[in-house]
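Each protein sequence line maps, in turn, to chains A and B. Here this note's numbering is used: position 293 in the first sequence is 435, and no number is missing along the way. Here this note's numbering is used: position 127 in the second sequence is 382, and no number is missing along the way.
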Amino acid sequence: MSAKRKTAAREIFALGAEAVVEGALLAGCSFYGGYPITPSSEIMEGMAERLPRTEDGVFIQMEDEIASLGACIGASLAGRKVMTATSGPGFSLMQELIGYACMIEAPLVLVNVMRGGPSTGLPTSPAQGDVQQARWGTHGDHSIIVLSATDVQDCLHMTVKAFNFAEKYRTPVILLLDEVTAHTREKITVPLAQDLEILYRLQPSMPPEWYKPFEETVRGVPPMPPLGSGYRFHVTGLTHDDHGYPTQKPDEVVAAISRQFRKIDQFFFDIQITDEFLTGDAEVGVVAYGSVARSAHLAVEQARERGIKAGLIDLKTLFPFPRAAVEGLLRRCRTVIVPEMNMGQISREVKRVNPGTSTVWTINRVDGHIITPKQILESIRKG
Amino acid sequence: MAEVTQLIHEYLRHDKKFPHVLCPGCGHGILLGSLIRSVHALGIPKDDVALVAGIGCSGRVAVYVDFNTVHAVHGRALTVATGIKMAKPDMHVIVVQGDGDALSIGGNHFIHAARRNIGLTVLVLNNFIYGMTGGQCSSATPLGCWSTTTPYGQMEKSFDFVEMTRAAGANFVSRGTVFHVKTLDKLVRQALVHPGFSLVEVLTPCHTQFGRKNKFKSPVDMYQWLKKAAMPLEAYEKLDPDKRAGRIPIGVFVDNHEPALETRYAAMRAKLAKG
Ligand SMILES: Cc1ncc(C[n+]2csc(CCOP(=O)(O)OP(=O)(O)O)c2C)c(N)n1
Ligand code: SF4
Ligand SMILES: [Mg+2]
Numbered sequence: 143m144s145a146k147r148k149t150a151a152r153e154i155f156a157l158g159a160e161a162v163v164e165g166a167l168l169a170g171c172s173f174y175g176g177y178p179i180t181p182s183s184e185i186m187e188g189m190a191e192r193l194p195r196t197e198d199g200v201f202i203q204m205e206d207e208i209a210s211l212g213a214c215i216g217a218s219l220a221g222r223k224v225m226t227a228t229s230g231p232g233f234s235l236m237q238e239l240i241g242y243a244c245m246i247e248a249p250l251v252l253v254n255v256m257r258g259g260p261s262t263g264l265p266t267s268p269a270q271g272d273v274q275q276a277r278w279g280t281h282g283d284h285s286i287i288v289l290s291a292t293d294v295q296d297c298l299h300m301t302v303k304a305f306n307f308a309e310k311y312r313t314p315v316i317l318l319l320d321e322v323t324a325h326t327r328e329k330i331t332v333p334l335a336q337d338l339e340i341l342y343r344l345q346p347s348m349p350p351e352w353y354k355p356f357e358e359t360v361r362g363v364p365p366m367p368p369l370g371s372g373y374r375f376h377v378t379g380l381t382h383d384d385h386g387y388p389t390q391k392p393d394e395v396v397a398a399i400s401r402q403f404r405k406i407d408q409f410f411f412d413i414q415i416t417d418e419f420l421t422g423d424a425e426v427g428v429v430a431y432g433s434v435a436r437s438a439h440l441a442v443e444q445a446r447e448r449g450i451k452a453g454l455i456d457l458k459t460l461f462p463f464p465r466a467a468v469e470g471l472l473r474r475c476r477t478v479i480v481p482e483m484n485m486g487q488i489s490r491e492v493k494r495v496n497p498g499t500s501t502v503w504t505i506n507r508v509d510g511h512i513i514t515p516k517q518i519l520e521s522i523r524k525g
Numbered sequence: 256m257a258e259v260t261q262l263i264h265e266y267l268r269h270d271k272k273f274p275h276v277l278c279p280g281c282g283h284g285i286l287l288g289s290l291i292r293s294v295h296a297l298g299i300p301k302d303d304v305a306l307v308a309g310i311g312c313s314g315r316v317a318v319y320v321d322f323n324t325v326h327a328v329h330g331r332a333l334t335v336a337t338g339i340k341m342a343k344p345d346m347h348v349i350v351v352q353g354d355g356d357a358l359s360i361g362g363n364h365f366i367h368a369a370r371r372n373i374g375l376t377v378l379v380l381n382n383f384i385y386g387m388t389g390g391q392c393s394s395a396t397p398l399g400c401w402s403t404t405t406p407y408g409q410m411e412k413s414f415d416f417v418e419m420t421r422a423a424g425a426n427f428v429s430r431g432t433v434f435h436v437k438t439l440d441k442l443v444r445q446a447l448v449h450p451g452f453s454l455v456e457v458l459t460p461c462h463t464q465f466g467r468k469n470k471f472k473s474p475v476d477m478y479q480w481l482k483k484a485a486m487p488l489e490a491y492e493k494l495d496p497d498k499r500a501g502r503i504p505i506g507v508f509v510d511n512h513e514p515a516l517e518t519r520y521a522a523m524r525a526k527l528a529k530g
């Protein structure tokens with residue numbers, strides 16, 4: 143540890159990927175297991191350089207993405223805040239273990255820097271094709287938190303948020319970036335950790351013999367001591383009772399699964415983050431996320447200059463889907479436009495929550511190029 | 256007997272409803288007994304043991320013992336164990352896997368964990384078959400043997416776990432059987448204290464899914480086969496190569512003392528901290 147204490151926030155010129163690294167370290171991440179893949183490798187390289195220089199940081203390059211997530215889950219059980227980063231092909235490989243992490247309620251942060259797909263697709267081009275996979279990719283009914291980030295500064299803040307949610311709700315959190323956000327270089331401010339809200343998983347207050355690792359609590363989130371701390375318990379991907387032991391009894395199964403849903407879904411007001419821009423009096427709305435939200439922001443400004451009452455909701459939380467905010471926009475606007483670098487994934491959600499008060503238009507782009515402000519503006523003018 | 260009862264009370268979970276899931280005659284429980292005796296003999300506190308298991312009948316043994324137990328997903332136990340060991344190098348991280356778990360679906364992780372020489376004690380319960388899913392062949396099913404997915408006989412050669420692990424670079428590589436319990440206890444004890452990746456391949460009968468399809472009349476027959484086929488490595492090496500067919504060497508095959516991954520990692524971190 144350096145003897146000189148950092149006393150002020152720093153300004154740096156950083157890639158989105160580097161901002162993720164800064165955010166993770168500020169949040170207290172001390173374990174990274176990963177496997178390289180464009181366009182996420184800069185996150186891995188950043189962690190490889192930084193973690194071994196921290197007091198207890200562990201970086202390990204694993205043999206594939208399955209192993210990467212497996213190692214993260216192990217370290218999370220051992221009490222660490224953990225992160226891995228990948229892109230489409232690796233994200234697909236991780237799906238089984240994402241479900242395992244949901245089932246055993248292991249906090250972890252998984253960054254997916256989206257590139258064009260399916261398959262090897264467009265390795266160096268941006269896309270947003272993994273949105274529904276992030277929500278539903280693993281098998282079985284489960285609840286999960288999926289976040290996104292708009293620009294480089296946002297990458298830092300949303301990474302910190304991702305860790306906080308993972309710890310607070312004992313769940314995997316997926317941070318969906320796209321190639322543009324991860325590879326854009328901008329000036330950002332790196333705050334001091336002491337100026338941020340940093341959350342840690344709840345620890346048991348009862349003695350080990352009273353502790354039940356998956357017990358119902360007021361918030362639905364059981365305390366989670368690290369392995370080796372005297373609280374010996376069983377962890378399994380089999381549906382388990384509150385002691386962690388496998389069960390097939392219908393009442394215990396229902397209790398376990400519904401708690402896993404409830405612990406996230408009932409706190410939607412805390413988890414659903416949206417950034418609203420000129421939505422108060424909007425007649426034409428835009429719902430966007432990731433780098434597309436930046437284009438949309440500019441398009442809305444330009445529309446306003448032309449006298450069109452346009453407004454934007456920038457979704458920082460994709461799932462649980464911010465229904466209340468989007469529904470409000472749908473009630474106010476005659477048209478809501480959803481631009482995405484995919485064939486229409488968040489637009490499905492927007493249409494799903496549409497009370498019938500608005501027409502939902504989509505702008506879809508899958509050619510590996512960004513959606514420009516001009517494209518969105520054209521649509522707004524027609525809307 | 257009193258000692259056995261004492262160990263049962265000390266190490267098995269009181270709040271876990273027995274009976275267990277294993278078939279009569281299954282060898283998996285014998286290895287569990289061996290593990291408990293070894294941990295006890297070495298005086299390792301229960302809190303310091305993380306027992307990570309794969310999926311299969313072999314993986315089910317973890318739930319019964321009062322350690323920090325993790326039942327992972329099929330083939331990935333070693334990855335979870337790697338995370339635990341790197342996060343908490345002072346813990347004894349023990350992995351129990353089946354032959355299918357370790358070297359069919361989990362083969363890649365197995366090779367790399369051995370290559371890294373990370374300090375895990377890995378106990379592979381090799382019953383030559385997928386027991387849990389109903390007797391399909393695994394990468395350890397011997398040539399010519401029958402399983403539900405090799406109804407005309409296995410045509411593929413099987414893995415030699417010992418040679419594989421040796422080639423991958425592990426520090427400690429051994430093989431025992433659940434018939435030769437004294438030897439097994441010794442091997443497990445050695446593996447528990449040996450730095451770096453330590454394997455005990457444990458040959459064990461699954462009469463339900465392997466034996467019945469392969470002309471073993473009863474579980475007892477299978478134990479008798481193990482008794483006859485296995486012989487100490489030293490004696491095996493002295494055997495005329497023509498007489499080796501059908502015999503299985505047991506004992507310690509590799510006994511190296513290279514630094515474990517976590518030791519190298521700690522050294523690197525200490526060096527970086529000095530500046
Ligand atoms: C990804 C995945 N594929 C398949 C299965 C089904 N499955 C469960 S156990 C098993 C084989 C277990 O065989 P082995 O590892 O030899 O253990 P044993 O039951 O013989 O002890 C299989 C194929 C699974 N659980 N997960
Ligand atoms: S099926 Fe085979 S491995 Fe599984 S419990 Fe029965 S005897 Fe043991
Ligand atoms: Mg088997």
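We put the beta carbon where it would ideally sit given N, CA and C, even for glycine.
Residue i versus residue j - alpha carbon distance
i      : j      : result
A/I512 : B/F383 : 54 Å
B/I291 : B/Y266 : 7 Å
B/L527 : A/D198 : 12 Å
A/M300 : A/L457 : 12 Å
A/A227 : A/L440 : 29 Å
B/D356 : B/H462 : 19 Å
A/C214 : A/K223 : 9 Å
A/D423 : A/R474 : 8 Å
B/N511 : B/G374 : 13 Å
A/S144 : A/T196 : Here the model assigns A/S144 a pLDDT of 46, short of 50, so the residue's position is not dependable and the matter cannot be decided.
B/R502 : B/N381 : 16 Å
A/Y177 : A/S183 : 8 Å
A/A430 : A/I488 : 8 Å
A/L250 : A/D407 : 18 Å
B/V455 : A/R465 : 54 Å
A/G271 : A/L289 : 14 Å
Amino acids of chain B, ordered along the chain, whose beta-carbon sits closer than 9 Å to that of residue i
i      : result
A/G279 : The contacting residues do not exist; A/G279 stays about 15 Å from chain B at best.
Reference residue i, options the options, closest by Cα
i      : options                           : result
B/G451 : B/S473, B/G280, B/I310 and B/M341 : B/M341
B/H435 : B/A308, B/E258, B/D270 and B/L286 : B/L286
A/G124 : A/W278, A/L318 and A/D272         : With chain A covering 143 to 525 only, the question about residue 124 of chain A has no answer from this structure.
A/A445 : A/A466, A/F461, A/T421 and A/F463 : A/T421
A/C297 : A/G498, A/T326 and A/D283         : A/T326
B/V457 : B/R467, B/V443, B/V448 and B/N469 : B/V443
B/F365 : A/E205, A/A248, A/A217 and A/T280 : A/E205
B/D303 : B/V294, B/H264, B/I310 and B/L488 : B/V294
A/Y535 : A/S218, A/E153 and A/T149         : For residue 535 of chain A there is no data in the structure shown, the boundaries of chain A being 143 and 525.
A/G279 : A/P333, A/W503, A/P350 and A/I240 : A/I240
B/P504 : B/T388, B/P496, B/L488 and B/L494 : B/L488
B/V507 : B/R519, B/R421 and B/P397         : B/R421
A/E339 : A/I330, A/N306, A/P349 and A/E357 : A/N306
heavy atom of ligand 1 below 7 Å from residue i C-beta
i      : result
B/G355 : yes
A/G212 : no
B/G311 : yes
A/E238 : yes
B/H329 : yes
Near ligand 3: residue i beta-carbon under 7 Å from a heavy atom
i      : result
B/G386 : yes
B/N469 : no
B/S402 : no
Partners in chain B for residue i, counting only beta-carbon separations shorter than 8 Å
i      : result
A/R374 : K301, D302, D321, F322, N323 and T324
A/M204 : T334, T337 and H367
Partner residues on chain B for residue i, Cβ-Cβ distance less than 7 Å
i      : result
A/C214 : G338
A/R222 : A342
Near ligand 2: residue i beta-carbon under 7 Å from a heavy atom
i      : result
A/H284 : no
B/H283 : yes
A/H325 : no
Chain-ordered neighbours of residue i on chain A, where CB pairs are closer than 9 Å
i      : result
B/A305 : G216, L219, A220, L369 and G370
B/N372 : The contacting residues do not exist; B/N372 stays about 13 Å from chain A at best.
B/V448 : Here the premise fails: no neighbours, minimum Cβ distance about 18 Å.
B/H364 : M204, E205, D206, I208, A209 and G212
Residue i: contacting residues in chain A (beta-carbon distance under 8 Å)
i      : result
B/M346 : A220, L369 and G370
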